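Residue numbers (this note's numbering), protein chains in the order written: chain D, 1 to 378; chain E, 1001 to 1378. Even glycine gets a Cβ: it sits at the ideal position worked out from N, Cα and C. Quick caveat: nothing in here was measured; it's all calculated off a predicted structure. Following: one structure in structure tokens, then a few remarks.
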């Protein structure tokens, strides 16, 4: 495969870099945040809004969810997820591993794969490295993920080591299946392996070296943002970035807050996904240019100022905090719709600005000045 | 007040007419359907979509809901509902009467007004003809409604008669209060009185004559579509239209299905509102150009055709029945968003087409040909 990643600039004070990722459904400017579209929809947001208002360049789908509902057959008969959900820009699917561990009931992990019960109807299913590649072939995302075990935090060292070794063996099986098959919809799919190793530096190093040796075009870091302190997450991320090739994009899975994202960019991460912006939106927590807004708070009751005058989302410029508070308190769906647009727009503006400042050479000072406002309450 | 209604054409075979209603926030082409925005939002639809996708020209707000939440003070401090919800086209508010009878607990109707408990928190409130005019002044809609009693169906004749007489006395009090006050936001507000009389022809005639004698620019018909057979509704509507002035718009409140709307247009109705399109959308019932679609039905599981290729809503042209079924079955908010756009677009296209055919002189034959497809299952 020809190179899919160009690095346009590297920050002199940090390990941040600005690049372009060439994918079958279009180019993605990095660093990038990928909105999570669990069941083939980014919750409460129209696909057209993701393009026009949020500026999303790539979105996620969850293999576990899509496999259970609507089912792989439905997506395949539609001609893949891009046709099914009418999203013509790049898509990444996870392998389903994370959800099997976090959502399903009665999962049983063996060398062969994972037996689990659906969280929807209790039905029995089995995921293996091979079957999750097959499913992801049928879903047809631009980037597909290797099947791994995501260990919890804290994790017993013995268990973490055995799990990491199994994840590595699973990777070999994923790569074999990947090499034995082709994309079903006339475009290539890129397989990304995942570094594990819990919070043990020697394992993280060992896993990063193993994953790097697979020589795939994108490398991912899993098993972080699972409850460990931020400092530990940053330490592991820094260590792993140091052991992954510089010339390939690095994807930190499931991270995180706006501050987490800026710090991780400075450590050399290029790609992020997280449910935080959309989930917090539905719970009334907004990321805005004035700081964090808890929209249910009485203080916004008669605040007739724009939700965020600096947002790329027109709804955030047109509608007021008082109106949004009313919608959220009344349980109106428009509340979740406007809040989700605000938070996703904030995240995408954050990574666009980060990219611009990396290109400008002003990333470090910009980040230092911005960090306090990212965590303060408005 | 100068005339606010122009009639552009009258159908030769029916009593249908096409007109233009001049309101403070813009012109409205009739016959018109007004989407219901109960709590200051048409559920699950962005205001911009109401304009661009649905082609809504005027929306409703519910005085009862807005009074309870966010409260009249909040809306007044925003400068009225138009500013509060960022909708710059005409708005109509009902008087709150209907919701007091249908939603609130422990209501007590007396000559002075109605004491009721909020359905939200059980708190005690009082609505009178005067207070509902005051509240509607603060909300600031283009059209405000007189406070009436909407009798249930069936209704004892004695009760219906006493109730109608009280509604007429309440109208006098509404008009007095209306004349003693002015709009708060620099534009006029039009007060519309409401014909009652249950399903008793002599009362309907008496009420229509009384309401006509008030000589207001718009006349409304209430107390229908409350459970009576369609034939009875049409008979009452025809009778009342006959007794209301020809040169003023007639508004049939709370009606109805697409077929109800076409039949009532042919009887001389110019304005409609109903929760059906949005409520049915949220329950998975779609009005489409191919007939009624129950989207949860298994038959749509792998139907990768557009939801409605003839819809004005781009989401209905871009997305498939299979995708929408998946969203609705998965409980995804996007399902309600796309379904609501479909149904509202269908209703607005229906009245736009009706208007065009009235202007063309082809209304009667068009209606006859269309009616069967409006009730058939796709």
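Check	Outcome
Classification of residue 311(D) by the beta-carbon crowding that lies within 10 angstroms, buried from 16 upward	buried
Whole beta strand (DSSP E) elements within the region 199-262 of chain D, 3-residue minimum	219-221 and 250-252
Helix, strand or coil at residue 1275(E) according to DSSP, with G and I counted as helix	coil
Expected contact under 8 Å - CB spacing of residue 1377(E) and residue 1291(E) to nearest Å	6 Å
Proximal chain D residues relative to residue 1069(E), where beta-carbon distance stays under 8 Å	326, 329 and 330
Start-to-end residues for the beta strand (DSSP E) that takes in residue 187(D)	Where residue 187(D) is concerned, there is no enclosing beta strand (DSSP E), given that its DSSP letter is neither H nor E.
Anticipated Cβ contact below 8 Å, residue 153(D) with residue 228(D), distance rounded	5 Å
Cβ-Cβ distance between residue 238(D) and residue 1332(E) below 7 Å	no
Pairwise C-alpha distance: residue 1226(E) and residue 1266(E)	21 Å
Residue 1222(E) versus residue 1126(E): straight-line alpha-carbon distance, rounded	21 Å
Neighbourhood of residue 41(D) by C-beta distance below 7 Å, restricted to the same chain and skipping five residues each side	85
Residue from 335(D), 375(D) and 251(D) with nearest C-alpha to residue 992(E)	It is not possible to answer for residue 992(E), since the shown part of chain E is limited to 1001 through 1378.
Cβ of residue 1334(E) within 7 Å of any chain D Cβ	yes
Chain D contact residues for residue 1318(E), given Cβ-Cβ distances below 9 Å	47, 48 and 86
Residue 338(D) versus residue 1282(E) - alpha carbon distance	19 Å
Residue from 198(D), 66(D) and 150(D) whose Cα sits closest to the Cα of residue 136(D)	66(D)
Cα-Cα separation, residue 1074(E) to residue 301(D)	7 Å
Residue 23(D) (DSSP reduced to helix, strand or coil)	strand
Interface flag, residue 1099(E) vs chain D, CB-CB below 7 Å	no
Through-space distance from residue 268(D) to residue 10(D), alpha-carbon basis	9 Å
CB contact below 7 Å: residue 1036(E) versus chain D	no
Beta strand (DSSP E) runs contained entirely in the region 93-137 of chain D, provided each spans 3 or more residues	105-109, 114-117 and 124-127
Closest residue to residue 354(D) among 328(D), 33(D) and 299(D) (Cα-Cα distance)	33(D)
For residue 1030(E), the residue or residues it bridges with in DSSP	1019(E)
Residue 323(D) at chain E interface by Cβ criterion, 7 Å	yes
Interface flag, residue 43(D) vs chain E, CB-CB below 7 Å	yes
Extent of the continuous alpha helix (DSSP H) to which residue 1083(E) belongs	1081-1085
Start and end residues, alpha helix (DSSP H) containing residue 346(D)	333-360
Span of the alpha helix (DSSP H) around residue 369(D)	363-375
Spatial distance of residue 315(D) from residue 1045(E) (CA atoms)	12 Å
Residue from 131(D), 178(D) and 224(D) whose Cα sits closest to the Cα of residue 155(D)	224(D)
Distance between residue 1208(E) and residue 1001(E) (C-alpha atoms, nearest Å)	Unreliable placement is indicated for residue 1001(E), whose pLDDT of 47 sits below 50; the coordinate value is still reported in the next sentence. Straight-line Cα distance between these residues: approximately 21 Å.
Among 1272(E), 1365(E), 1233(E) and 1078(E), nearest to residue 1185(E) - alpha-carbon criterion	1078(E)
Residue 78(D): contacting residues in chain E (beta-carbon distance under 9 Å)	1302, 1304, 1320, 1322 and 1323
Buried versus exposed call for residue 1105(E) [16 or more other C-beta atoms within 10 Å across all chains shown]	exposed
Per-residue contacts from residue 39(D) into chain E (C-beta, under 7 Å)	1330 and 1332
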